[in-house]
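Comments concern the structure below.
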Amino acid sequence: MKIRRVELREVHLRLRERFEISSGGWQERRILLLRMEDEEGEAWSECVAAEAPNYSYETPDTAWHILTDYVLPAVMGVEFESPSAVLDPVSWIRGHPMALATVEMGAWALEAVRRRTSLSSLLGGGRMAVPVGVSVGLQGTDDELLRQVEKHLAAGYRKIKVKIKPGRDVDMLRKVRDRFPEAPLMADANSSYSLADTTRLKELDDLHLMMVEQPLGSEDLREHALLQASIETPICLDESIRSAGDTLLALELGSGRIINIKPGRVGGFASSREIHDLCAGRGVPVWCGGMLESGVGRAYNLALASLSNFSLPGDISESRRYWKEDVVEPEFVMDQGFMAVPQAPGIGVEVRVDRVEKLTRRRWTHAM
Numbered sequence: 000m001k002i003r004r005v006e007l008r009e010v011h012l013r014l015r016e017r018f019e020i021s022s023g024g025w026q027e028r029r030i031l032l033l034r035m036e037d038e039e040g041e042a043w044s045e046c047v048a049a050e051a052p053n054y055s056y057e058t059p060d061t062a063w064h065i066l067t068d069y070v071l072p073a074v075m076g077v078e079f080e081s082p083s084a085v086l087d088p089v090s091w092i093r094g095h096p097m098a099l100a101t102v103e104m105g106a107w108a109l110e111a112v113r114r115r116t117s118l119s120s121l122l123g124g125g126r127m128a129v130p131v132g133v134s135v136g137l138q139g140t141d142d143e144l145l146r147q148v149e150k151h152l153a154a155g156y157r158k159i160k161v162k163i164k165p166g167r168d169v170d171m172l173r174k175v176r177d178r179f180p181e182a183p184l185m186a187d188a189n190s191s192y193s194l195a196d197t198t199r200l201k202e203l204d205d206l207h208l209m210m211v212e213q214p215l216g217s218e219d220l221r222e223h224a225l226l227q228a229s230i231e232t233p234i235c236l237d238e239s240i241r242s243a244g245d246t247l248l249a250l251e252l253g254s255g256r257i258i259n260i261k262p263g264r265v266g267g268f269a270s271s272r273e274i275h276d277l278c279a280g281r282g283v284p285v286w287c288g289g290m291l292e293s294g295v296g297r298a299y300n301l302a303l304a305s306l307s308n309f310s311l312p313g314d315i316s317e318s319r320r321y322w323k324e325d326v327v328e329p330e331f332v333m334d335q336g337f338m339a340v341p342q343a344p345g346i347g348v349e350v351r352v353d354r355v356e357k358l359t360r361r362r363w364t365h366a367m
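The sequence shown begins at 0 in numbering that gives the first Met the number 0 and counts up one residue at a time.
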């Protein structure tokens, strides 16, 4: 594989509704889309960095800088034997996993195009469809939250993730559980609590949640272990897991019982598979989280979620859940709580270049 041309674009894609978490919210996404060409074809990939540094220090602007000034010029014209080697020329870069994953995951798609196989098959995935869940942001009122949950349950989603924060947590979730006693519910705190809130978080045990995701800070693996020892609800780690090394440490400490693998957060597919295999060997379930991706990023998430140990529904909602009109065709749809894994070569869907062109706010190209 030898990358001979790249094109990076920033597109602005407006959400159907504002999406709110404990640290902020979005009405419009600034998404970086990368198109890479080699001698066999082309592939699109997506950078999942959020607009503000509230989930990660990375943003579209930091990723643009790292990609255009360092990564893309360094990987152009270099012969690679495998997708996992594409970042070898920039192995000296510290951090910036979302920027790096944009290139690494795109290289996997290029390899799938070259082999005329699906990205799922190239990764070793064996499922034709995967169970999917939906993430419900913080709502203005409990009644609005109940309406949202009812709508998504009626649509067939296999997991309902409810965002929480101090002051909008146990009492709110209890109303959801009382209305929907059998619903597959989980809570996501996005690091908004501390160990001082242990008594409050222990009240979640009565609600029989699937898990509580990332209740404490991303650096607080020891504190998560102390919290997990104090509550029955399984803790799922998200922001804390950036590598297989983080995963091993978290499991050794007992910091959580479930791992959310977001390929952008951990630097790409090679790292994602390593974490997946480590968890599988220890009997720890994993699932694939979402970052409000366009259809491009969604295709990558589906391919990853087809691996065997992704035993819990991921946050891989339908295109229409977030966008009035996606940038791929066909758009992603759900059937009875499952979403088909694309089987065509590469990412398995076509990018609507005409729509991307209309949404583009800036671009950068480089060729051999």
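All C-beta atoms, glycine included, are put in the ideal place defined by N, C-alpha and C.
Predicted, not measured: the structure shown is a model, and the values here were computed from it.
Could you give the DSSP three-state label for residue i: helix, strand or coil?
| i | result |
| --- | --- |
| residue 53 | coil |
| residue 364 | strand |
| residue 237 | coil |
| residue 331 | coil |
| residue 350 | strand |
| residue 162 | strand |
| residue 125 | coil |
| residue 112 | helix |
| residue 174 | helix |
| residue 382 | Past the boundaries of the shown model lies residue 382; the chain is included only from 0 to 367, so the question cannot be answered. |
| residue 245 | helix |
| residue 325 | coil |
| residue 212 | strand |
| residue 359 | strand |
| residue 320 | helix |
| residue 345 | strand |
| residue 167 | strand |
| residue 4 | strand |
| residue 187 | strand |
| residue 117 | strand |
| residue 339 | strand |
| residue 217 | coil |
| residue 232 | coil |
| residue 227 | helix |
| residue 181 | coil |
| residue 146 | helix |
| residue 256 | coil |
| residue 199 | helix |
| residue 105 | helix |
| residue 95 | coil |
| residue 207 | coil |
Whole-angstrom Cβ separation of residue i and residue j, contact assumed at under 8 angstroms?
| i | j | result |
| --- | --- | --- |
| residue 369 | residue 98 | For residue 369 there is no data in the structure shown, the boundaries of the chain being 0 and 367. |
| residue 193 | residue 238 | 15 angstroms between Cβ atoms; not a contact. |
| residue 242 | residue 260 | The pair is not a contact, with the Cβ atoms about 11 angstroms apart (cut-off 8 angstroms). |
| residue 267 | residue 103 | 3 angstroms |
| residue 187 | residue 212 | 4 angstroms |
| residue 148 | residue 175 | 6 angstroms |
| residue 292 | residue 45 | 6 angstroms |
| residue 83 | residue 269 | 4 angstroms |
| residue 224 | residue 252 | 4 angstroms |
So, is residue i buried or exposed, given that buried needs 16 or more other C-beta atoms within 10 angstroms?
| i | result |
| --- | --- |
| residue 372 | Within the shown structure, residues of the chain are numbered from 0 to 367, placing residue 372 beyond reach of any answer. |
| residue 357 | exposed |
| residue 143 | exposed |
| residue 281 | exposed |
| residue 232 | buried |
| residue 229 | exposed |
| residue 286 | buried |
| residue 297 | buried |
| residue 91 | exposed |
| residue 359 | exposed |
| residue 318 | buried |
| residue 374 | For the chain, the structure presents residues 0 to 367; residue 374 sits outside this window and is missing. |
| residue 96 | buried |
| residue 81 | exposed |
| residue 366 | exposed |
Would you kindly check if the distance between the Cβ of residue j and the Cβ of residue i is under 8 angstroms?
| i | j | result |
| --- | --- | --- |
| residue 354 | residue 326 | yes |
| residue 162 | residue 137 | yes |
| residue 290 | residue 129 | no |
| residue 226 | residue 215 | yes |
| residue 283 | residue 264 | no |
| residue 88 | residue 74 | yes |
| residue 258 | residue 240 | yes |
| residue 306 | residue 105 | no |
| residue 277 | residue 247 | yes |
| residue 279 | residue 308 | yes |
| residue 3 | residue 36 | yes |
| residue 311 | residue 262 | no |
| residue 33 | residue 25 | no |
| residue 362 | residue 8 | yes |
| residue 71 | residue 5 | yes |
| residue 145 | residue 184 | no |
| residue 131 | residue 316 | yes |
| residue 117 | residue 329 | no |
What are the start and end residues of each continuous beta strand (DSSP E) run of 3 or more residues lying completely inside the segment 7–90, in chain order? The segment 7–90 contains these whole beta strand (DSSP E) runs: 23–36, 41–46.
Item checked: alpha helix (DSSP H) segments (min. 4 residues) lying fully within the segment 258–313 -> If one requires a minimum length of 4 residues, the alpha helix (DSSP H) runs lying completely within the segment 258–313 are 268–280, 294–304, in chain order.
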